[in-house]
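Residue numbers (the numbering used here), protein chains in the order written: chain A, 495 to 1016; chain B, 6 to 719. Where is the CB? At the ideal position from N, CA and C, for every residue including glycine. These notes are about the structure you will find just below.
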Amino acid sequence: MDRHLLSIVLFAPLAGLLVLLLIPSSNRTLIRVWANVAAFAGFLVSLPLVFRFDKSAAGFQFVESMDWIPSLGVKYAIGIDGISLLLVMLTTVVGFLAILSSWSAIDTHVKEYYAMFLLQQTGIIGVFVALDFFLFYVFWEVVLVPMYFIIGVWGGPRKLYAAIKFFLYTVAGSVLMLLGILTLYFQHYQQFGFYTFEIAELMKLNLPLGLERWVFWAFFIGFAIKVPMFPFHTWLPDAHVEAPTAGSVILASILLKMGTYGFIRFSLPLLPKASIDQTIVGVLAALSIVAIIYGAMVSLMQQDWKKLVAYSSVSHLGFCTLGIFALNPNGIAGSVIQQINHGISTGMLFLIIGIVYERRHTREIAEYGGLGHVMPRYATVFAIAMLSSAGLPLLNGFIGEFTILQGAFEANRAWAGFAVVGVVLGAAYLLWLYQRTILGQVTNAKNLHLPDLNLREMAVFLPLIAWAIWIGVYPKPYFDVLEKPVQQIVERVRPGYYQAGTANARAAAPHSPSAALEGGSR
Amino acid sequence: MVNFLDLIWLIPLFPLAGAIAMLLIGWKLDPQASSEVAVAPGVASHSHSSGAHHHAHASPLRMLVSLLCPGMVLLSFIFSAGAVAQLAQKAERVHEVVQFTWLAGLPFHTAAGSLARFTADWGFLLDPLSSVMILVVTGVGFLIHVYSIGYMGHEGGYYRFFGYLNLFVFFMLMLVLANNYALLFVGWEGVGLCSYLLIGFYFHKKSAADAGKKAFVVNRVGDAGFLIGIFLVFALFGSVRFLEVNQALAGFHAETAGFGVLSATALLLFVGATGKSAQIPLYTWLPDAMEGPTPVSALIHAATMVTAGVYMVARSSALFQLTPATSVVVAFIGAFTAIWAASIALVQNDIKRVLAYSTVSQLGYMFLALGVGAYWVAIFHLFTHAFFKALLFLGSGSVIHAMGGEQDMRCMGGLKDRIPVTYRTMLIGAIAIAGIPGLAGFFSKDEILWQAYSSPSGSKLLYLIGLTTAAMTAFYMWRLMSLTFFGRSRVKPEVEARIHESPAVMTAPLVVLAAGSILAGWIGTPKLWNLPEGFRLFESWLEPLFSGAAAHSAEAAHHDAALEWLLMGLSVALAVGGILLARRFYLVRTELPERLAERFRPLYNTLANKWYVDEIYDFLFVNGFGKAGGRAAGRFDLKVIDGGVNGTGWMTRFSSTLSIWWDTWIIDGAVRLSSFTVRMLSFPARMVQTGRVQAYALVMVAGVLLFFGYYVMR
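Listed below in structure tokens is the structure:
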């Protein structure tokens, strides 16, 4: 049991899916109940990972490895470190809540709908636990299919356009990524004489810088489209706007993190020389900063509630990628924490839109206003989600942003100087959204009798709120879990980082300040 | 005996408990709040029951709210007083309580290249500076809570109001008790949030919601600078704990030569302070913040939150002492803000707006003091200002309450006998702020002016700006008093009948604050007066903390005593002059202001329109950068970037259309052409090959006949 814990977590949703297929389509209630049970079970089986995880151990845990396609050197190798642990937990929690939130929102093809979500759960967990690049790629592609159908079948008026755009864009990226993977695969054969896709093996490669750069850009296209980084982001607003609520939640909360995870797990450790290449770091940081400010600027003027939140994701993910390419412990750890935070707060924001969309069937901001009078509980939940997204201290967003900014500041002070603009703009577009929807008078008679959140809806939000407060007030467990894996990555990319100077800062303080200033920029 | 010193971590938690209680069960205690729906005119509502809000007092449970929330602040006050009393007994007046590591970040490289950890405690520091602050916050805070029981008694959302107010006190106490910059920032942002929530308390009003948003966003601009400042502190000292930073600073030399990294750090922190404490260029949010209920204006936007910037700079005094360049900036921004805001206050007609600009102006004084290195004086003025400005705001609230919501002073007048308690207490507040000797404002303001003149980093220019502002302060305060309480009544007849003095629950805090406005200054009397040590308690309490700065003021004392008497006399004379002038303008020859305004119309309009700064900011930042920039970015995204994506898609489809055409007409065309050619070429043959036996027979017969004929004919 314990030896296969991770496989159980990985395939639990799939098992749920198989049972789901046996239920007749006509019995919708049973389908709904079972899908929720299966998703909740998926969360429950993932809980032991938290309790049995050894945060003091370096390297991967719960590792399982066996041959899958021996002729190609493909293995079924899975395992997690602190980074994957957090993302897997995010997946099982948000996945369950997304399914719970769909109870009354979906009327057509109910069985297929839940089947897609369960399949997707397995796919995403697979991405986060795979230690074999081939296996990773398989899961990466598996995830695409359910999301394509979720948008294309249960989406809004332009669902086909959005679904096809999403699918083609991502596939185009992943094909380039595959080329990168194959390059490493064949290079490994040349250098070591046997074929393998195992990450640990591929890390032993010693590639010339030029080749590393090419592979880096190939990975970059794949991951950057997924994140999405500027300027590859335009599939996101369309996909979000057309997707059903739960689809948006999964898309924003979890799917996007596959891209950032890819950078952390593959680009950095496999291509350490390219990852500290001046040009590459400069371009990546610049794109991240542009995303932060530009995403916020575009959010500011959106008339569509969902589009606004979609663009805010571009801005927030900009912080995540900026943290990664600060290439220091706080940047990377902050990035992972911010990925979790974004999952929590943007997940909430999309759920919040879903609540009124289900009641009013419109996402036009102008259609709302004064909802605080009609739906006070809803207004409170929205306020917390908004503040968490805006990075208010004692809520989760602050910890992530603050840590990322520290990392960025350490890497290059100008980066932090630009990125804080995003913090200001973030408050502006969120508060303005809140004002236009919740505050003021009720200006539309249709909104006068909207029912407030019911018990099930509260049950969706409460865990997320609790999680947001936990990270905001006591983030130490998160940093503890991330400490070792982040150290490994940083040492891989920047050997000797942890050996610098003495641990006591005070001893180093009485330097001349101007020398200190120059010492700060890398 | 309770060891209050080790329990200082509890001080913020009491009001937090109150806030959480309100959030969770408040609506049960005060059930009416949510049923009152504000509906825009023209929006139909069948269930709108006009009588709904008359049930406001129905719930007896509402009393619980009135007891619980102020009670929590009182508890904090008791614990604060106990802790301060015990701190005074200690030889070394510093006490730190660390509860746990809140921000437990990872290692990073400091500017000097060594490895440090990005951490911050959930820890509290009680020293003379934070002592003053917690007493002001909990003491004045408690009085304002009590006042609110009466003031908000008729309002919907009673529990919501007290919940926010308690939450504010929690964050404010976090701010002043934090033992490091990061945790200070938690309180800093938190009070900003509460300010946002409370300004927008009447959120059905667009102006209130707008003002709340403006306050938050403008503050965020300052916070951005503050954040970078905190990172610089991390980078330079490897820690953000105040005690460790100050210790590390001992190893640095003052940046007398120019503008170095320390000056930059200090300046960035000051940028944060200009946001929170409403200094130029980020002061515009504070006057708008008066949209909130008046107790909020008194507590947050006068007595406590807006002084957070002053506190933070004083807390960083060790840093500012090493950065003369930044200190000069602080002094001049402060002085300039003081006179700038006072000039606007001269012509405002809304009673709360006069007080709001007055607050901005007085905060300017505090920064002036900080800038010239007179840190304890700045805190002294913060302390006295908390009394008289809270008093004036609450008094104005009582006036507004009496007038049924009227805030325009042009519709007041002659109220002094109608609401005598309010009048008398406000009179004390006005005298105190005007700087008449004997009351609190005189002592602190005069000390600032003296320091601005005599401190090594002071100057005659700073002094003159401060002095002019003092005269203007006296003038606008007396204008306010004259228009409101003296002269004949200009009250609308329908309001006239309903004017009533506020209930005791509101006037009692006024009386206490009035007493404070008289007495609070007597613990900071000028050295010149040579009173017993107890009358100089404030300086001796704070002095050790700012030892470097205190050296300045000790030095200053060696200045000419006659000169100091002279300057003191001058400022008092100007204050009296300001009062007399205002009396003349608004009581004796009431046509004068009108005529002056007529004569200097452009100047008057500029002042009345607040120097058009709001318009300029709106043009540049809100409409320019924000809206136009946002729209431009949106269009760029849609047309260029997504256009590129869709273009790629279109190109793919176009090229596939081309391919189809090529395939159909050229490639397949060639194939078909070749088949056509063959078909054409084979046409004659096909004509023959018909497959009909009769035809073959016919041809055969014809051929046979032809042959036959040929041979026959030949």
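- Against chain B, a Cβ distance below 9 Å from Val980(A) picks out Leu111.
- By the neighbour-count definition (other C-beta atoms within 10 Å, threshold 16), His306(B) is a buried residue.
- Within the same chain, Ala308, Ala391 and Ala395 come within 6 Å of Val145(B) by CB-CB distance, once the 5 residues on both sides are set aside.
- From the listed residues Arg589(B), Leu387(B) and Val404(B), the smallest Cα separation to Ile504(B) is found for Val404(B).
- Among the residues of the segment 616–646 of chain B, those with a Cβ less than 7 Å away from any Cβ of chain A are Gly631, Lys632, Gly634, Gly635, Arg636, Ala638, Gly639, Asp642 and Ile646, in the order of the chain.
- Think of a sphere of 7 Å around the beta carbon of Glu160(B): no beta carbon from chain A falls inside it, the nearest being about 15 Å out.
- When DSSP reads this structure, Asp413(B) sits in a beta bridge with Asp355(B).
- Note on geometry: alpha-carbon atoms of Trp546(B) and Trp14(B) lie some 22 Å from one another.
- Cβ contact annotation for Leu351(B) (same chain, cutoff 7 Å, sequence separation greater than five): Met477, Phe480, Tyr481 and Leu612, in chain order.
- Any Cβ of chain A closer than 7 Å to the Cβ of Leu198(B) would place that residue at the interface, and such an atom is present.
- Listed along the chain, the chain A residues whose CB falls inside 7 Å of the CB of Lys281(B) amount to none; the nearest CB is some 14 Å away.
- For Asn530(A), same chain residues with a beta-carbon under 7 Å away, outside a window of 5 residues either side, are Ile593 and Leu594 in chain order.
- In the three-state reduction of the DSSP assignment, Gly419(B) falls in the coil class, being assigned neither a helical nor a strand state.
- With a threshold of 7 Å between beta carbons, Val238(B) makes no contact with chain A.
- Under the DSSP assignment, Tyr570(A) falls in the beta strand (DSSP E) whose first and last residues are Val568 to Ile574.
- Within the same chain, Cβ atoms closer than 7 Å to the Cβ of Tyr992(A) are found at Gln981 and Glu985, the five residues on either side in sequence being excluded.
- At least one CB of chain A lies nearer than 7 Å to the CB of Glu194(B).
- Here the alpha carbons of Met431(B) and Ser366(B) stand approximately 19 Å from one another.
- Note that the C-beta distance between Lys497(B) and Gln412(B) is not below 7 Å.
- By the Cβ-count criterion, Thr664(A) is buried, with 16 or more other Cβ atoms from all chains shown falling within 10 Å of its own Cβ.
- Here Gly443(B) carries a coil assignment [DSSP, helix/strand/coil].
- Here Met317(B) is not near Asn171(B), since their CB atoms are 7 Å or more apart.
- Cα atoms of Ala361(B) and Gly526(B): separation of roughly 22 Å, rounded to the nearest angstrom.
- Pairing Ile154(B) with Arg600(B), the inter-Cα distance amounts to about 44 Å.
- Collapsing the DSSP output to three states places Glu895(A) in a helix.
- The beta carbon of Phe166(B) does not come within 7 Å of any beta carbon belonging to chain A, so the residue lies off that interface.
- In terms of beta-carbon proximity, Val650(B) lines the interface with chain A, with at least one pair separated by less than 7 Å.
- Counting other Cβ atoms within 10 Å of its Cβ, Ala502(B) stays below 16 and is therefore classed as exposed.
- For Leu581(A), the nearest beta carbon of chain B is not closer than 7 Å to its own beta carbon.
- The three-state secondary structure of Gln284(B), taken from DSSP, is coil.
- The beta-carbon of Met869(A) is placed no less than 7 Å from the nearest beta-carbon of chain B.
- In the DSSP assignment, Ile600(A) forms no beta bridge with any residue.
- Annotation for Ala921(A): the continuous alpha helix (DSSP H) segment containing it runs Arg907 to Thr931.
- At least 7 Å separates the CB of Gln833(A) from every CB of chain B.
- Distance check between Leu66(B) and each of Tyr288(B), Asp422(B), Gly446(B) and Ile30(B) places Ile30(B) closest, using alpha-carbon atoms only.
- Distance from the CA of Asn906(A) to the CA of Val604(A), rounded to the nearest whole angstrom, comes to 51 Å.
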